[in-house]
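Notes for the one structure printed next.
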Amino acid sequence: MKIPIEISAHHLHLCQKDLKILFGKNYQLNVFKPLSQKEQFAAEETVVLANENFKLENVRILGPLRNKTQVEISRTEAVHFGIQPLVKESGQLKESIGGLKIIGPNGTIELKEGIIIALRHIHASPTDALKYKVEDRQIVSVKVEGERALIFYKVVVRVDPLFVWNLHLDTDEANAAGLKGGEEGEMLL
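Numbering-wise, the sequence shown is residues 394 to 582 according to this note's numbering.
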């Protein structure tokens, strides 16, 4: 079962309250480009993530707004920051950590929680789930070919009517497999 692969670099999702602090009252995100997942987009706006150890500039905000602010970084970036976020599903912020500032043009937020390393995952619509015989929250593996071929274990399937069939890896995972984006993997049940 072939699955397209997308590589997800560091980014963040903001809640309304934090958008207001960072960009000002009544501010609305501007669409830079749509993402492959329906109704999701990369915003024109970027911020700085920083602490006393490291600084990442031009970190893209993804929309639409969420109920809670969430920052997704790679393990390599976490090492540079000197923090140890857990590997979690997007939106699963229980036991997530803080330790970074989000710096915008109008203000700064000191995160007490919300920083994660995203668990590698497959997006599937209910139609895809039926077609490929997978269920929401099922754990599968994905094999990738090439010069640095490997098998990604512990890939969670997430099913939602707005999802489009693909595998999301972070930059560390993609680099380990020599992927540049646009490749396909083979899902193993």
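For each residue, glycine too, the CB sits at the ideal point set by N, CA and C. The model shown is predicted, which means the values in this text are computed figures rather than measured ones.
Alpha carbon of residue i to alpha carbon of residue j, nearest angstrom
i    : j    : result
V535 : L523 : 18 Å
E465 : L582 : 27 Å
G575 : E540 : 16 Å
K461 : V549 : 22 Å
P427 : I510 : 23 Å
L407 : A569 : 29 Å
W378 : I515 : This structure cannot settle anything about residue 378, because the visible part of the chain is limited to 394 through 582.
D521 : N446 : 43 Å
E470 : Q477 : 10 Å
I398 : I544 : 13 Å
G497 : K573 : 30 Å
7 Å Cβ shell around residue i - same chain, five flanking residues per side excluded
i    : result
L555 : Q430, K431, E432
K487 : none
6 Å CB neighbourhood of residue i in its chain, flanking five on each side removed
i    : result
Y525 : M394
V424 : F434
K494 : A443, T501, E503
Three-state class that DSSP yields for residue i in the structure shown
i    : result
Y546 : strand
Q409 : helix
L523 : helix
A511 : strand
D583 : What the structure shows of the chain is the stretch from 394 to 582, and residue 583 is not part of that stretch, so it cannot be assessed.
H473 : helix
Whether residue i touches residue j by CB criterion (8 Å)
i    : j    : result
L415 : G500 : yes
T564 : I396 : no
I508 : S489 : yes
F474 : N444 : yes
G578 : V537 : yes
A517 : V533 : no
Exposure label - residue i; buried when at least 16 CB within 10 Å
i    : result
P457 : exposed
E438 : buried
R584 : Residue 584 lies beyond the residue range present for the chain, which begins at 394 and ends at 582; the question has no answer from this structure.
D529 : exposed
Q463 : buried
G417 : exposed
V472 : exposed
A402 : exposed
Any non-hydrogen atom of the ligand GDP within 7 Å of residue i CB
i    : result
F545 : By its list of ligands, the structure shown contains no ligand whatsoever, and the ligand GDP lies outside what it can speak to.
Own chain residues within Cβ distance below 8 Å of residue i, not counting five before or after
i    : result
L455 : H404, L405, H406, L428, Q433, F434, A435, A436
K448 : V441, L442
R459 : H406, L407, C408, G484
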